[in-house]
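>
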């Protein structure tokens, strides 16, 4: 009887996440879709965002989020995977004992603190070093986001590397592979599903981050399509929702459009997650077919 | 209005509460007033919150506050919403505020005409040398669109007070979430131009003298230049109540507009209201 009760409550906990996801989605749809009736699609996918004069073009915001997120992941990926490989495969025990908790401490720094450092140190430095009109740019945001997502990538990728059976490494070494060949040819490929999950969670972390980005990207809704857009201010979807939601009258057009942006964000992160699990699923089934 | 409509509640110990919400420009001043008033009248308790002028009006219309603070006048659609709820908002001027245009201390430009400022923010002037400065790009800074100061600047500076003019901020204007963010960027970026209420301007940035016409006199913002209306961009700050106030709310607003309370106004960098304002 007791056993049954425990397994039932665990089951409820498991299903609750589906329920919450569904409720959030229903809420977003209910508050966001009226925007489509009030503003034409052409206006929503326009290039000017200035809601107090009824300009509801979301393209600069989508572009801003994508630019900052993709750049941050390109920066975070080599650092994150490199650090994970170093900790899991190369570092001697003593260094490992220091590095691992240090990276977890980085994960615990509130993003608003990083934003402050961004405003006071990073932005002025970038402005002087790269001779920019202002340091509050997409690139400053990307650097901060990379710093924020690295700990996520490191800890998950590292766990995946640990999970690779020791016998794989021993077999590779026995066949005459060097340490580096073992890491690159055996351990990393064997851990790729975990590594991929790490990257996807890192992207999700970057896409959803609000505070740090709002503080250092300058929040100018400019469509980032020029070659130097990295070094110009951008405005992300999250920053827009955060800074404008507090002020809008609930039920107004602006309010519905902000929720519509929420739907876009939700769909983007859904695409990222579905792609990730699709890729891992495909690879896994191929492996099983081989064995 | 029946007594039930009011959010004031008097509990058995006869303490009365006044809820006060709105403009971020006014929030420090409103807090100073509230603290001072509670010293004189310990039986009254006043709570003050910021959030922006629009937030204050929304709260007043929804009946959750007694007094809304605002750095802009109430909009016609907000009056309509209020009437739909069965009351008429009443306006009181409680202080005056100058909008200071600020640049980095290293910037040699020290005076601009209103039209030049307007062209800069519209994106028609993009280099400091066009207004007599060094060959540097101009970085435009503004508060977010929810700020009453942003709306005032749009109407009175960018559009130069013209109702037909539909110009807006250049798209590459940086919208910073706080006054501190603007001051910080202007302080260490020689390309930047910003604006803020005079009460928020620190000595680390340079205030620009403004003129209405090219040949006119360039005036620095100050208590005197706001009072004699020579400084071109100053505005009044308001509080709004539901209907004509009575009882403790009337007493409080009368006190805010008295000499004692207005002395606090100038201490915080605002300009006291004039006789008969």
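Protein chains in written order, with my numbering: chain A, 84 to 374; chain B, 324 to 600.
Think of the CB as a built atom: it goes at the ideal place given N, C-alpha and C, for glycine as much as any other residue.
Residue 546 of chain B to residue 594 of chain B, Cα distance in whole Å?
Taking the straight line from one Cα to the other gives about 5 Å.
> Is residue 474 of chain B close to chain A? Criterion is C-beta to C-beta, closer than 9 Å.
Cβ-Cβ to chain A under 9 Å: yes for residue 474 of chain B.
> Closest to residue 311 of chain A by CA distance: which of A:150, A:139, A:107 is it?
It is A:150 whose Cα lies nearest to the Cα of residue 311 of chain A.
> How do the segment 229-240 of chain A and the segment 536-545 of chain B stand: do at least 3 beta-carbon pairs fall below 8 Å, yes or no?
Cβ pair count under 8 Å is below three, so no.
> Can we count residue 469 of chain B as close to the ligand SAH, meaning its CB is less than 8 Å from some heavy atom?
No copy of the ligand SAH appears in this structure; indeed no ligand is present at all.
> Going straight from the alpha carbon of residue 93 of chain A to that of residue 105 of chain A, what length do you get?
Cα-Cα distance, rounded: 19 Å.
> Quick one: which chain A residues come within Cβ less than 8 Å of residue 621 of chain B?
No answer is possible for residue 621 of chain B: it lies beyond the span of chain B, which begins at 324 and ends at 600.
> Going straight from the alpha carbon of residue 335 of chain B to that of residue 359 of chain B, what length do you get?
Here the model assigns residue 335 of chain B a pLDDT of 45, short of 50, so the residue's position is not dependable, and the following value carries that caveat. Looking at the two C-alpha atoms, the distance is approximately 24 Å.
> On the CB-based measure, 16 or more other CB atoms within 10 Å of its CB, does residue 327 of chain B come out buried or exposed?
Interpretation of residue 327 of chain B is limited by its pLDDT of 43, a score under 50 that renders its predicted location unreliable; the figure taken from the coordinates is listed afterwards. Exposed: under 16 other Cβ atoms inside 10 Å.
> Please tell me whether residue 419 of chain B has its Cβ less than 9 Å away from any Cβ of chain A.
Not an interface residue.
> Using a threshold of 9 Å, state whether the C-beta atoms of residue 223 of chain A and residue 246 of chain A are closer than that.
Not closer than 9 Å, so no.
> Compare the Cα-Cα distances from residue 445 of chain B to each of B:382, B:490, B:566, B:377 and report the closest residue.
Measuring from the Cα of residue 445 of chain B, the nearest candidate turns out to be B:490.
> Listed from N- to C-terminal order along the chain, which residues in the segment 274-302 of chain A have their beta-carbon within a distance smaller than 8 Å of any beta-carbon of chain B?
Flagged, chain order: 297, 298, 301, 302.
> I need the DSSP call for residue 86 of chain A, collapsed to helix, strand or coil.
Note: residue 86 of chain A maps to helix in three-state DSSP.
> What is the rounded straight-line gap between the Cα of residue 101 of chain A and the Cα of residue 316 of chain A?
Approximately 38 Å between the Cα atoms of the pair.
> Measure the CB-CB distance between residue 564 of chain B and residue 579 of chain B and report whether it falls below 9 Å.
Cβ atoms of residue 564 of chain B and residue 579 of chain B: not closer than 9 Å.
> Look up residue 382 of chain A in the DSSP assignment and give the residues it is bridged to.
Because chain A spans 84 through 374 in this model, residue 382 of chain A falls outside it and cannot be assessed.
> If we cut at 9 Å on Cβ distances, does residue 202 of chain A have a partner in chain B?
With 9 Å as the cut-off, residue 202 of chain A counts as an interface residue toward chain B.
> Give the secondary structure of residue 450 of chain B by DSSP, where H, G and I count as helix, E and B as strand, and everything else as coil.
Residue 450 of chain B falls in the strand class under three-state DSSP.
> Rounding to the nearest angstrom, what Cα-Cα distance links residue 296 of chain A and residue 338 of chain A in this structure?
One C-alpha to the other measures close to 22 Å.
> Quick check on residue 121 of chain A - is its C-beta less than 9 Å from some C-beta in chain B?
By this cut-off, residue 121 of chain A is not an interface position.
> Determine, using beta carbons only, whether residue 413 of chain B and residue 568 of chain B come nearer to each other than 9 Å.
Yes, the Cβ-Cβ distance between residue 413 of chain B and residue 568 of chain B is below 9 Å.
> If contacts are defined as beta-carbon pairs under 8 Å, then residue 292 of chain A and residue 234 of chain A qualify, I think. What distance do you get, rounded to the angstrom?
Incorrect: roughly 13 Å between the Cβ atoms, too far for contact.
> Decide yes or no for the touch test of the segment 388-402 of chain B against the segment 430-437 of chain B: beta carbon pairs closer than 8 Å, at least 3 of them.
Segments in contact, no.
> Secondary structure at residue 564 of chain B, three-state DSSP: helix, strand or coil?
Of the three classes helix, strand and coil, the one that applies to residue 564 of chain B here is strand, per DSSP.
> Terminal residues of the continuous beta strand (DSSP E) containing residue 465 of chain B?
Start and end: 462-466.
> Assuming residue 424 of chain B is part of the beta strand (DSSP E), what are its boundary residues?
From DSSP, the beta strand (DSSP E) with residue 424 of chain B extends over 412-426.
> Roughly how far, in whole angstroms, is the beta-carbon of residue 346 of chain B from the beta-carbon of residue 393 of chain B, given that I think they are within contact range, below 8 Å?
Indeed, because the Cβ distance is near 5 Å, the residues count as touching under 8 Å.
> Do residue 347 of chain A and residue 328 of chain A have their CB atoms nearer than 9 Å?
No.
> Using a Cβ-Cβ distance under 9 Å, would residue 318 of chain A count as near chain B?
Yes, contact with chain B.
> Verify the CB distance criterion: does residue 221 of chain A have a CB-CB separation below 9 Å to chain D?
No chain D is part of this structure, whose protein chains are labelled A and B.
> May I have the straight-line CA-CA distance separating residue 329 of chain B from residue 449 of chain B, to the nearest angstrom?
Because residue 329 of chain B carries a pLDDT of 44, less than 50, the predicted location of this residue cannot be relied on, and the following value inherits that uncertainty. Approximately 52 Å between the Cα atoms of the pair.
> Examine chain A for any beta-carbon lying closer than 9 Å to the beta-carbon of residue 595 of chain B, and answer yes or no.
It does not: the Cβ of residue 595 of chain B has no partner Cβ on chain A nearer than 9 Å.
> Anything in chain B within Cβ reach of residue 307 of chain A, meaning under 8 Å, just list it in chain order.
Correct list: empty, because the minimum Cβ distance to chain B is about 11 Å.
> Of the residues B:464, B:422, B:435, which one's Cα is nearest the Cα of residue 552 of chain B?
Taking only the C-alpha atoms, the option nearest residue 552 of chain B is B:422.
> Tell me which same chain residues have a C-beta within less than 8 Å of the C-beta of residue 111 of chain A, skipping the five on either side of it?
Cβ within range, chain order: 342, 345, 346, 349.
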